[in-house]
Amino acid sequence: MAGKQIKISKLAIANRGEVAVRIIRACQELGIQTVLLHAEADRNSKAYRLADETFSLGEGGSSQTYLDIPKNIQGALKTGAQAIHPGFGFLSENADFAQACAKVGIIFVGPKPESIRMLGDKISARKILEKMGLPTVRGYHGQDQDVQTLRKEALRIGFPLIIKAAAGGGGRGMKVVREAEQFEELLGSAQREALSGFGSSQVFLERYLEGAKHIEFQIFGDSFGKVLHFFDRECSVQRRHQKIIEEAPSPSLSTELRLKMAETAVVAAKAANYEGAGTVEFLLKDGEYFFLEMNTRLQVEHPVTEAVLGLDLVKLQIKVAQGEPLPFEQNELSLRGHAIECRLYAEDSEQQGIPSTGVLGPVHWPEAPGRRFEAGFEMGDEITPLFDPMIAKIITWDMTRELCLQKMMKTLSDSIIFGVKTNIPYLKAIISHPEFQSGKMTTQFINQYFPQGLTPRKISAELEEFAKKANLLISDTSSEASQTIATQIPDPFLKPWGFT
Amino acid sequence: MKPIELEIQGKKISGIVWKVKGQLWVHSNGETYCFDDVVAKKSSSKAKLKDPNLVAAPMPGKITQVGVQKGQDVKAEQTLIVMEAMKMEYALKAPRAAKIKNISCVVGDQVTLGKILVELE
Chain A
144 MAGKQIKISK LAIANRGEVA VRIIRACQEL GIQTVLLHAE ADRNSKAYRL ADETFSLGEG
204 GSSQTYLDIP KNIQGALKTG AQAIHPGFGF LSENADFAQA CAKVGIIFVG PKPESIRMLG
264 DKISARKILE KMGLPTVRGY HGQDQDVQTL RKEALRIGFP LIIKAAAGGG GRGMKVVREA
324 EQFEELLGSA QREALSGFGS SQVFLERYLE GAKHIEFQIF GDSFGKVLHF FDRECSVQRR
384 HQKIIEEAPS PSLSTELRLK MAETAVVAAK AANYEGAGTV EFLLKDGEYF FLEMNTRLQV
444 EHPVTEAVLG LDLVKLQIKV AQGEPLPFEQ NELSLRGHAI ECRLYAEDSE QQGIPSTGVL
504 GPVHWPEAPG RRFEAGFEMG DEITPLFDPM IAKIITWDMT RELCLQKMMK TLSDSIIFGV
564 KTNIPYLKAI ISHPEFQSGK MTTQFINQYF PQGLTPRKIS AELEEFAKKA NLLISDTSSE
624 ASQTIATQIP DPFLKPWGFT
Chain B
5 MKPIELEIQG KKISGIVWKV KGQLWVHSNG ETYCFDDVVA KKSSSKAKLK DPNLVAAPMP
65 GKITQVGVQK GQDVKAEQTL IVMEAMKMEY ALKAPRAAKI KNISCVVGDQ VTLGKILVEL
125 E
């Protein structure tokens, strides 16, 4: 049902890191002023520097800042923002937050509170989809969280099963239980992670479908009742249920299966009168697909969809939030080429991916056609242990999957990040693995081939000597590292001009 | 950062280097490395991590569970301490079968990277 159209002139961003920068970029193109609602720890970040205005949410971690509804609402009101974009994670799928915005007349860039309640709560979403006859994985999605009940249900579902946070996503608060004896311990662990990550310890249980492919469909609805799909992505490369690499389209779907799953996704979204961006996730195994869940937010991996369709999903979100209709029909959309995204984390690949926090040193992104870099931090910014250590995303596009993977390997090799360790060696090892190259990987991929992460790279004697000698030729820049403004860094691939 | 090209054992090796607080960062041949030990700098916490009798915090975080007591015998891979960092739980396990000599943390402690948590005999 169409309402009137509103032109947003100022928008507040209730998020951080690279997505905050992403939203600012979309606003810049639309002529919208931006306000960054930020934690004190994020004063030294790219989004802080790019935003037209900033509002501090105070000291502390997520619960005191990005998860604090009243603080975020107050920030938007005080700065005169007409809309809030919640990004992903944090409050993006919190119906109470969407409700709180509506209550004070602030436009929430996302679906209506009712849609979030209906589909964002994994438990109620399942019920709706089951009623519609959509295939779902066997599980327990009840309100009764008594440990005896959960244990009884676990035995009914059978093992292996997975415990998931009802209010969550992003791989947090998820534990796979392989034997009944492990259940209570892992349940406690999952509940604690869920409470700390999403404010609720409520969990649900599902049969764990091993060796399946994670396939998701991007859907988009407007306030005129139109719901379109923007095709699929495959996100089977996951470590502890957190996505590391995503691609569009999935190398595993036939045209027929793609259209069938896309239709299912649209049906699910239409059932909730969905407005804005959303993603319907499936598990695909032996040609059979099962509904996993629906995410009522923009997803981290949206750039791969943008690349193969030539769309800007954040601008589209804002336009739909302003009451505009989606400016095209389903038959006008067609896939072109292949795109892949790698999430760059500040972690030590050679020590099971332990976070490597600290101050970022010089960074070089090797820009070139078909390469996209979404970075939230620059030289001098601190990657803090208070929040998710994702530094940036790297996306490549090319005409075929093979060319696209080659381009990604070259891009990863030529990207330079000093100051903190990153998972680039890990990403390169994954992409060059024959099973990933073949496109046949499943969600078991990391567990099967990289159970202990990466074995440390061998450093040749020549490289050691090079380091020893170079160390004598270069001065320590400790004083420069404490500066917070990103400095102009000369292209390091220019021919070396000598020693100092 | 600086591009440097040197002749090492008859081979031309080039890399981009940057030094801060005694750490040398090198990007060469498509890979990035961090050299701590090129400089004669004491890296005390790193040295402690290599001591097989000590279980140290692998990253900054909060202790959420202490599952053992002083004097207790533990098996290899038995969970000793559970800590939380970046909203994920990490279980620190015994590297080998041993007796607990000392525990130097309690639930609720905020610990830094390298802090010794458990000492084995």
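Those protein sequences? They're chains A and B, same order as listed. Residue numbers for the first sequence follow our numbering, beginning at 144 and rising by one. Residue numbers for the second sequence follow our numbering, beginning at 5 and rising by one. Just so you know, even glycine gets a beta-carbon here, dropped at the ideal spot from N, CA and C.
> Do we get a CB-CB distance below 8 angstroms when we pair residue 129(B) with the residues of chain A?
Replying inline: The first residue shown for chain B is 5 and the last is 125, placing residue 129(B) beyond what the model contains.
>> Quick check on residue 269(A): buried or exposed, where buried means 16 or more other Cβ atoms within 10 Å of its Cβ?
In response: Sequence index remark: in the first sequence, residue 269(A) carries index 126 (1-based). Counting Cβ neighbours within 10 Å, residue 269(A) comes out buried, since at least 16 surround it.
> In angstroms, rounded to a whole number, what distance separates the CA positions of residue 23(B) and residue 29(B)?
Replying inline: Your numbering for residue 23(B) matches position 19 in the second sequence. Your numbering for residue 29(B) matches position 25 in the second sequence. One C-alpha to the other measures close to 6 angstroms.
> In terms of residue numbering, what span does the alpha helix (DSSP H) encompassing residue 219(A) cover?
Replying inline: Numbered from its first residue, the first sequence carries residue 219(A) at position 76. Residues 212 to 221.
> Buried or exposed: which applies to residue 303(A), given that a residue is buried once 16 or more other Cβ atoms fall within 10 Å of its Cβ?
Replying inline: On the first sequence, residue 303(A) is found 160 positions in, with the first residue counted as 1. Exposed is the call here.
>> Among 559(A), 586(A), 601(A) and 566(A), whose alpha-carbon lies nearest the alpha-carbon of residue 5(B)?
In response: Position 1 of the second sequence, counted from the start, is the residue given in the question as residue 5(B). Ranking the options by Cα distance to residue 5(B), first place goes to 559(A).
>> Residues of chain B with CB closer than 9 angstroms to the CB of residue 568(A), please, in chain order.
In response: Position 425 of the first sequence, counted from the start, is the residue given in the question as residue 568(A). Residues of chain B passing the Cβ test: 35 and 36.
> Applying the criterion that 16 or more other CB atoms from any shown protein chain within 10 Å of the CB defines a buried residue, is residue 50(B) buried or exposed?
Replying inline: Mapped onto the second sequence, residue 50(B) falls at position 46. Annotation note: pLDDT 43 at residue 50(B) (below 50); position unreliable, coordinate value reported separately. Exposed: under 16 other Cβ atoms inside 10 Å.
>> Using only the alpha-carbon positions, how far apart do residue 402(A) and residue 31(B) sit?
In response: In the first sequence, residue 402(A) corresponds to position 259, counting from 1. In the second sequence, residue 31(B) corresponds to position 27, counting from 1. Taking the straight line joining both Cα atoms gives about 45 angstroms.
>> Taking beta-carbon pairs under 8 angstroms, can you tell me which members of the segment 486 to 502 of chain A lie near chain B?
In response: 494, 497, 498 and 500
>> Distance cutoff 8 angstroms, beta carbons only. Does residue 642(A) sit that close to anything in chain B?
In response: Locating residue 642(A) in the first sequence gives position 499, counting from the first residue. At residue 642(A), the pLDDT of 31 sits below 50, so the modelled position is not reliable; the number obtained from the coordinates is stated separately. For residue 642(A), the answer is yes, since a Cβ of chain B falls inside 8 angstroms of its Cβ.
> Can a CB atom of chain B be found closer than 8 angstroms to the CB of residue 509(A)?
Replying inline: Taking the first residue of the first sequence as position 1, residue 509(A) is located at position 366. Taking Cβ atoms only, chain B never reaches closer than 8 angstroms to residue 509(A), which makes this a no.
>> What residue range does the beta strand (DSSP E) around residue 378(A) cover?
In response: In the first sequence, counting from the first residue as 1, residue 378(A) sits at position 235. Per DSSP, residue 378(A) belongs to the beta strand (DSSP E) from 370 to 382.
>> With a threshold of 8 angstroms between beta carbons, is residue 560(A) in contact with chain B?
In response: Looking up residue 560(A) in the first sequence gives position 417. With 8 angstroms as the cut-off, residue 560(A) counts as an interface residue toward chain B.
> Starting from residue 242(A) and walking both ways along the alpha helix (DSSP H), at which residues does that stretch end?
Replying inline: Taking the first residue of the first sequence as 1, we reach residue 242(A) at position 99. First-last of the alpha helix (DSSP H) with residue 242(A): 238 to 246.
> In the structure shown, what three-state DSSP assignment does residue 110(B) receive?
Replying inline: Residue numbering aside, residue 110(B) sits at position 106 when the second sequence is read from its first letter. Correct three-state label for residue 110(B): coil.
>> Is residue 206(A) close to chain B? Criterion is C-beta to C-beta, closer than 8 angstroms.
In response: Numbered from its first residue, the first sequence carries residue 206(A) at position 63. It does not: the Cβ of residue 206(A) has no partner Cβ on chain B nearer than 8 angstroms.
> Do you know how far the Cα of residue 192(A) is from the Cα of residue 261(A)?
Replying inline: Locating residue 261(A) in the first sequence gives position 118, where the first residue counts as 1. Locating residue 192(A) in the first sequence gives position 49, where the first residue counts as 1. So the alpha carbons of these two residues sit roughly 37 angstroms apart.
> Is the Cβ-Cβ distance between residue 155(A) and residue 180(A) less than 8 angstroms?
Replying inline: On the first sequence, residue 155(A) is found 12 positions in, with the first residue counted as 1. On the first sequence, residue 180(A) is found 37 positions in, with the first residue counted as 1. Yes, these two residues count as a Cβ contact at 8 angstroms.
> In chain order, what residues of the same chain have a beta carbon less than 7 angstroms from the beta carbon of residue 334(A), not counting five sequence neighbours either side?
Replying inline: In the first sequence, residue 334(A) corresponds to position 191, counting from 1. These residues qualify, in order along the chain: 344 and 346.
> Is residue 293(A) near residue 330(A), with beta carbons less than 8 angstroms apart?
Replying inline: In the first sequence, counting from the first residue as 1, residue 293(A) sits at position 150. In the first sequence, counting from the first residue as 1, residue 330(A) sits at position 187. Closer than 8 angstroms, so yes.
> For residue 149(A), is the classification buried or exposed, using 16 other Cβ atoms within 10 angstroms of its Cβ as the cut-off for buried?
Replying inline: To locate residue 149(A), count along the first sequence from 1; it is residue 6. With fewer than 16 other Cβ atoms within 10 Å, it is exposed.
> Does the segment 236 to 247 of chain A come close enough to the segment 449 to 460 of chain A to have 3 or more Cβ pairs within less than 8 angstroms?
Replying inline: no
> Ends of the beta strand (DSSP E) at residue 209(A)?
Replying inline: For the purposes of this step, residue 209(A) is taken as residue 66 along the first sequence, with counting starting at 1. Neither: residue 209(A) is in no beta strand (DSSP E) and is coded neither H nor E.
> Just how far apart, CA to CA, sit residue 216(A) and residue 474(A)?
Replying inline: Here residue 216(A) corresponds to residue number 73 of the first sequence, with the count starting at 1. Here residue 474(A) corresponds to residue number 331 of the first sequence, with the count starting at 1. Approximately 39 angstroms between the Cα atoms of the pair.
>> So for residue 511(A), helix, strand or coil by DSSP?
In response: Looking up residue 511(A) in the first sequence gives position 368. Of the three classes helix, strand and coil, the one that applies to residue 511(A) here is coil, per DSSP.
> Any idea which residues DSSP pairs residue 16(B) with across the strands?
Replying inline: As a first step, residue 16(B) must be located in the second sequence, where it is residue number 12. In the DSSP output, where bridge partners are listed per residue, residue 16(B) has 11(B).
>> So, under 8 angstroms CB-CB, residue 341(A) and residue 316(A) are touching, yes? Tell me the CB distance rounded to an integer number of Å.
In response: As a position in the first sequence, residue 341(A) is number 198, starting the count at 1. As a position in the first sequence, residue 316(A) is number 173, starting the count at 1. Yes, they are in contact, since the Cβ atoms of residue 341(A) and residue 316(A) sit about 7 angstroms apart, within 8 angstroms.
> Would you say residue 84(B) faces chain A, with C-beta separation under 8 angstroms as the test?
Replying inline: Residue mapping note: residue 84(B) aligns to position 80 of the second sequence, counting from 1. So, not an interface residue.
> Quick one: is residue 613(A) near chain B, going by C-beta distance under 8 angstroms?
Replying inline: Taking the first residue of the first sequence as position 1, residue 613(A) is located at position 470. Yes, because at least one Cβ of chain B sits closer than 8 angstroms to the Cβ of residue 613(A).
> Name the chain B residues that come within less than 7 angstroms of residue 600(A), Cβ to Cβ?
Replying inline: Here residue 600(A) refers to the residue found at position 457 when the first sequence is read from its first residue. Ordered by position in chain B, the residues that pass the 7 angstroms Cβ test against residue 600(A) are 35.
> Does the beta carbon of residue 610(A) come closer than 8 angstroms to any beta carbon on chain B?
Replying inline: Taking the first sequence and counting its residues from 1, the one referred to as residue 610(A) is at position 467. Chain B, which has a Cβ nearer than 8 angstroms to the Cβ of residue 610(A), makes this yes.
> With distances taken between CB atoms, is the gap from residue 438(A) to residue 448(A) smaller than 8 angstroms?
Replying inline: In the first sequence, the residue the question calls residue 438(A) occupies position 295. In the first sequence, the residue the question calls residue 448(A) occupies position 305. No, the Cβ-Cβ distance between residue 438(A) and residue 448(A) is not below 8 angstroms.
> In three-state terms, what does DSSP make of residue 165(A)?
Replying inline: The residue given as residue 165(A) occupies position 22 in the first sequence. In the structure shown, residue 165(A) sits in a helix (DSSP, three-state: H, G or I).
> Where does residue 44(B) fall in DSSP's three states?
Replying inline: Here residue 44(B) refers to the residue found at position 40 of the second sequence. Note that residue 44(B) has pLDDT 42, beneath the 50 cutoff, so the model's placement of it is unreliable and no number is given.
>> Within 8 angstroms of any Cβ in chain B, is that where the Cβ of residue 617(A) sits?
In response: Taking the first sequence and counting its residues from 1, one reaches residue 617(A) at position 474. True, the Cβ-Cβ gap to chain B drops below 8 angstroms.
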